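Numbering (this note's numbering), first residue to last: 203 to 348. Using N, Cα and C, we set each Cβ at its ideal position, and we do this for glycine too. Since the structure is predicted, the reported quantities are computational estimates derived from the model, not experimental observations.
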Amino acid sequence: MLNGMSKILTGDLLKILCDMGHGDEIIIADANFPADSIATRLYRLPGLDVSTVLEAIKPIFPVDVKYSEKPAAVMDMTDSDKASGMQPPQTWGDFEGILKTEYPELVMAKLERYEFYERAKKAYAVIQTGEERIYGNLLLVKGVVL
């Protein structure tokens with residue numbers, strides 16, 4: 203335990219976040235994400251949702267809003283979901299709201315499903331949560347600590 207640090211941030215998770223370099227990407231994924239077949243490094247937090255994990259890492263994880271064209275991205279809805287009239291998922295607004303408290307200039311990007319998977323294969327790590335809401339996947343690019 204550390205003062206002022208969320209209990210979610212275990213030593214193993216802190217090591218992952220600390221070992222990442224500028225420009226490295228991390229995925230915070232929902233429970234349906236194919237993490238075992240995609241992740242180079244996989245860390246599981248099955249009892250938590252993505253928003254809770256994001257709130258915990260936000261104070262210590264610099265998002266690359268200065269140098270990255272897409273410092274944060276969600277998995278876009280499929281064409282069939284859009285055609286059926288599905289509304290944008292609540293998760294997107296939740297993630298953007300959390301990030302904008304620290305980075306008001308941030309614009310959340312949307313990546314097509316398979317493009318998101320390809321980025322996840324190259325990501326430094328995947329944190330798989332127990333998030334059950336649809337489209338509950340988030341990609342973050344690590345920035346620099348100034």
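Leaving out five residues on either side along the sequence, give the residues of the same chain with a beta carbon under 6 Å from the beta carbon of I229. As a working note, residue 229 is residue 27 in the sequence shown. Sequence-distant partners of I229 (beyond 5 residues in either direction) whose C-beta falls short of 6 Å from its own C-beta, in its chain, are A322, A325, V328, L341.
DSSP has M350 in a bridge; who is on the other side? Any question about residue 350 goes unanswered here, given that the chain covers just 203 to 348.
Under 8 Å, with one C-beta from each stretch per pair, do the stretch 259 to 279 and the stretch 300 to 307 reach the 3-pair mark? Yes, the stretch 259 to 279 touches the stretch 300 to 307.
Beta-carbon proximity list for V265, same chain, < 8 Å, skipping 5 on both sides: Locating residue 265 in the sequence shown gives position 63, where the first residue counts as 1. P273, A274, L301, E304, Y305, L308, L342, V343, K344, G345.
Measuring CB to CB, does V255 end up less than 8 Å from L247? By 1-based counting over the sequence shown, the position of residue 255 is 53. By 1-based counting over the sequence shown, the position of residue 247 is 45. Yes, the Cβ-Cβ distance between V255 and L247 is below 8 Å.
Please say whether T331 and A241 have beta carbons closer to each other than 8 Å? For the purposes of this step, residue 241 is taken as residue 39 along the sequence shown, with counting starting at 1. For the purposes of this step, residue 331 is taken as residue 129 along the sequence shown, with counting starting at 1. With respect to T331, A241 sits apart: the two C-beta atoms are not nearer than 8 Å.
Reduced DSSP secondary structure (H/G/I, E/B, other) of K323: Your numbering for residue 323 matches position 121 in the sequence shown. Reduced to three states, the DSSP call for K323 is helix.
Close-in-space but distant-in-sequence residues of the same chain around V347 (CB under 7 Å, 5 per side omitted): Locating residue 347 in the sequence shown gives position 145, where the first residue counts as 1. The beta carbon of V347 is closer than 7 Å to those of P264 in its chain, skipping five residues each way along the sequence.
Please report the straight-line C-alpha distance between E227 and S286, rounded to a whole angstrom. For the purposes of this step, residue 227 is taken as residue 25 along the sequence shown, with counting starting at 1. For the purposes of this step, residue 286 is taken as residue 84 along the sequence shown, with counting starting at 1. Here the C-alpha atom of E227 lies approximately 32 Å from the C-alpha atom of S286.
Runs of 3 residues minimum, wholly inside the stretch 209 to 245: which ones carry the beta strand (DSSP E) assignment? Listed in chain order, the beta strand (DSSP E) runs fully inside the stretch 209 to 245 are 227 to 231, counting runs of at least 3 residues.
Relative to the C-alpha of G249, which residue among Y316, D278, K209 is closest? Position 47 of the sequence shown, counting from 1, holds the residue named residue 249. It is K209 whose Cα lies nearest to the Cα of G249.
With distances taken Cα to Cα, identify the nearest neighbour of E314 among S239, D283, E298. Walking along the sequence shown from the start, residue 314 turns up at place 112. Check the Cα spacing between E314 and each of S239, D283, E298: the tightest is with D283.
So L340 is in the beta strand (DSSP E); what residue range does that whole segment cover? As a position in the sequence shown, residue 340 is number 138, starting the count at 1. Run containing L340: 340 to 343, per the beta strand (DSSP E) assignment.
Taking 8 Å as the cut-off, decide whether the C-beta atoms of F318 and V252 are in contact. The count along the sequence shown starts at 1 and reaches residue 318 at position 116. The count along the sequence shown starts at 1 and reaches residue 252 at position 50. The beta carbons of F318 and V252 sit no closer together than 8 Å.
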